[in-house]
Amino acid sequence: MKRRNFLERAAVTLVSLAGVAAAFSYLRQFFPRLAGEKKRIVLGDYRKFPVDTYTFLEGHNIFVYRDHEGIKAVSAVCTHLGCILEKSTDGFECPCHGSCFSDVGKVLSGPAPRNLSWYEVYRAADGKIVVNPSRTVGPGEKFNIS
Ligand code: FES
């Protein structure tokens, strides 16, 4: 093989690989990482969560919010590429690419393509409060603890 042919093939191969990588990266935004979000999370006694506060559950990537009426759980995973959100004064912010979400998880500014997911919260037979990330509920829907 001549040197010129080899260089042409190498260049075509590299450009093709870069195109595949770019396409994969682009398509990935439509399929955010959900790994680790399907297992039920036992919160235990809801009283350990401070009232009127969002508590981040590390390892589960959710925020749990409790007020005097109930408790609710929202995904802390950005719907863009899956970075973990931070609580801001009036919602949630993504440190990776700057998406902002309202307090009810609605996208205020992108690039996040979808609102945050809220998860079912219920009381198990043993009385413990449980979050079920496999089942979504309406935005901000609370489990009534009274
Ligand atoms: S991961 Fe890109 S905005 Fe959150």
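Each residue of the sequence shown is one higher than the last, beginning at 15 in our numbering. Ideal Cβ positions, reconstructed from N, Cα and C, are used throughout, including at glycine. Only a predicted model underlies this, so the values are computations on that prediction, with no experimental measurement involved.
Less than 9 Å between the C-beta atoms of residue i and residue j, yes or no?
i, j, result
"Glu134", "Val145", "yes"
"Arg54", "Pro147", "yes"
"Val121", "Thr93", "yes"
"Ala138", "Val56", "yes"
"Ser131", "Val88", "yes"
"Gly119", "Gly96", "no"
Could you tell me the alpha carbon to alpha carbon distance between residue i and residue j, rounded to whole angstroms?
i, j, result
"Ile85", "Ile159", "7 Å"
"Ile143", "Ile76", "15 Å"
"Glu107", "Phe115", "6 Å"
"Thr81", "Asn129", "The amino acid at residue 81 is misidentified as Thr; the sequence shows Asp. The straight-line gap from Cα to Cα measures roughly 22 Å."
"Leu31", "Glu22", "14 Å"
"Phe157", "Tyr60", "11 Å"
"Met15", "Ser113", "51 Å"
"Gly33", "Asn19", "21 Å"
"Leu48", "Phe63", "At Leu48, the pLDDT of 49 sits below 50, so the modelled position is not reliable and the matter cannot be decided from this model."
Quick test of your reading: residue i and residue j, contact by CB under 8 Å. State the CB separation rounded to the nearest angstrom.
i, j, result
"His111", "Pro127", "Contact flag wrong, Cβ pair sits at about 12 Å."
Out of the options, state which residue places its alpha-carbon closest to the alpha-carbon of residue i.
i, options, result
"Asp117", "Ala37, Val29 and Ala90", "Ala90"
"Gly58", "Asp140, Phe157, His74 and Gly152", "Asp140"
"Val78", "Met15, Asn19 and Tyr136", "Tyr136"
query: Quick one: any contact between the stretch 59-71 and the stretch 81-101, if contact means 3 or more CB pairs under 8 Å?
result: At 8 Å Cβ cutoff, the stretches touch.
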